[in-house]
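Reading through the structure tokens given below for one structure.
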Amino acid sequence: MSTFVGLVTVFIATLLTHNIALTYLLGMCPFISLSKRIETASGMGIAVIFVVVLTAALNWPIYNLILVPTHSELIYYITFIITIAASVQLLEMIMERFLPALQASFGIFLPLITVNCIVLAVSLFMIIREYGFLKSVVFALGSSVGWTMAIVVMAAINEKLRLIGDIPRGMRGPGIVMTSAGIIALAFLGFAGIVSL
Numbered sequence: 280m281s282t283f284v285g286l287v288t289v290f291i292a293t294l295l296t297h298n299i300a301l302t303y304l305l306g307m308c309p310f311i312s313l314s315k316r317i318e319t320a321s322g323m324g325i326a327v328i329f330v331v332v333l334t335a336a337l338n339w340p341i342y343n344l345i346l347v348p349t350h351s352e353l354i355y356y357i358t359f360i361i362t363i364a365a366s367v368q369l370l371e372m373i374m375e376r377f378l379p380a381l382q383a384s385f386g387i388f389l390p391l392i393t394v395n396c397i398v399l400a401v402s403l404f405m406i407i408r409e410y411g412f413l414k415s416v417v418f419a420l421g422s423s424v425g426w427t428m429a430i431v432v433m434a435a436i437n438e439k440l441r442l443i444g445d446i447p448r449g450m451r452g453p454g455i456v457m458t459s460a461g462i463i464a465l466a467f468l469g470f471a472g473i474v475s476l
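Residue numbers (this note's numbering): 280 to 476.
Okay, structure coming up:
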């Protein structure tokens, strides 16, 4: 039972109190660029969830079962990046076949998931914190769902702000996004006493 409670704690902590977008400010490039419409933001979020969970599930055994026993830990950055690139290619092939309209709406940002810092950061955090396999996958799921939640909330705010249309010229675009993200981050700080990693 304590293992289940530990996994739920990790999931809730990564979702709320340690939200990878709002606490660590990771994944900001697509967060700012793709948070204009809810459909695009949620599609990107689903893509990030797929890639982050898949790469964490692949990188954990690669690191712990191949690199550590062979004393090759120094090349884990390179192996993680290769795994991430392969996962993004797989996602791109799936989307090209089944969801071409969504793939077109992402434009250049779908291949850029390869260099999205959230994907690599989750794999690095799981190694630094010495999580087991299941905890690493739950951490990856919570982190990516938390990032998706943040980008969808930001997209909803941006859609409402466009309806108002009374944004000062200097605050339009990334300015209002970063200001709104700061306010959302402060709201998420309210969960700080609930759970921690």
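Yeah, the Cβ is synthetic: ideal placement off N, Cα and C, and Gly gets one too.
As the structure is a computational prediction, the values presented were derived from the model and not from experiment.
Nearest-angstrom Cα separation, counted from M372 out to P309: Walking along the sequence shown from the start, residue 309 turns up at place 30. Walking along the sequence shown from the start, residue 372 turns up at place 93. C-alpha separation (whole angstroms): 20 Å.
Proximal residues to V424 (C-beta, below 7 Å), its chain only, five neighbours per side dropped: Residue mapping note: residue 424 aligns to position 145 of the sequence shown, counting from 1. L294 and I328.
Separation of P348 from M428, as counted between CA atoms: One-based indexing of the sequence shown puts residue 428 at position 149. One-based indexing of the sequence shown puts residue 348 at position 69. Roughly 38 Å between the two C-alpha positions.
Residue environment, L333, which counts as buried when at least 16 other CB atoms sit within 10 Å: Counting from 1 along the sequence shown, the entry for residue 333 is found at position 54. Classification for L333: buried.
The alpha helix (DSSP H) enclosing M307, as first and last residue numbers: Translated into positions along the sequence shown, residue 307 becomes position 28. Note, M307: alpha helix (DSSP H), M307 to S312.
Residue environment, I430, which counts as buried when at least 16 other CB atoms sit within 10 Å: Locating residue 430 in the sequence shown gives position 151, counting from the first residue. Looking at its Cβ environment, which holds 16 or more other Cβ atoms inside 10 Å, I430 is buried.
Boundaries of the alpha helix (DSSP H) in which R376 is found, first to last residue: For the purposes of this step, residue 376 is taken as the residue at position 97 of the sequence shown. For R376, the enclosing alpha helix (DSSP H) stretches over residues Y355 to F377.
Separation of H350 from S384, as counted between CA atoms: Indexing the sequence shown from 1 puts residue 384 at position 105. Indexing the sequence shown from 1 puts residue 350 at position 71. Between S384 and H350, the C-alpha separation is close to 43 Å.
Candidates F404, F467 and M433, of which the one nearest I311 by Cα: For this step, residue 311 is matched to residue 32 along the sequence shown. Per the Cα distances, M433.
Given I325 as reference, the closest of G421, R448, T358 and G452 once Cα atoms are compared: Against the sequence shown, residue 325 aligns to sequence position 46. Out of G421, R448, T358 and G452, G421 has the C-alpha closest to the C-alpha of I325.
CB contact flag (N437, S314, <9 Å): Position 158 of the sequence shown, counted from the start, is the residue given in the question as residue 437. Position 35 of the sequence shown, counted from the start, is the residue given in the question as residue 314. Taking 9 Å as the Cβ cut-off, N437 and S314 qualify as a contacting pair.
Nearest-angstrom Cα separation, counted from R441 out to M323: Taking the first residue of the sequence shown as position 1, residue 323 is located at position 44. Taking the first residue of the sequence shown as position 1, residue 441 is located at position 162. Going from the Cα of M323 to the Cα of R441 covers about 21 Å.
Nearest residue (CA-CA) to L301, options L476, F467 and L399: Counting from 1 along the sequence shown, the entry for residue 301 is found at position 22. Comparing Cα positions, the closest option is F467.
Endpoints, the alpha helix (DSSP H) within which F412 is located: Within the sequence shown, the letter at position 133 stands for residue 412. Residues F412 to I443.
Distance between F470 and A336 (C-alpha atoms, nearest Å): On the sequence shown, position 57 is the one that residue 336 refers to. On the sequence shown, position 191 is the one that residue 470 refers to. Their Cα atoms are separated by approximately 28 Å.
For L413 and T296, the rounded distance between their alpha carbons: Walking along the sequence shown from the start, residue 296 turns up at place 17. Walking along the sequence shown from the start, residue 413 turns up at place 134. Going from the Cα of T296 to the Cα of L413 covers about 20 Å.
Proximity winner among N338, M307, I357 and V331, relative to G411 (alpha-carbon distances): Sequence index remark: in the sequence shown, residue 411 carries index 132 (1-based). Taking only the C-alpha atoms, the option nearest G411 is N338.
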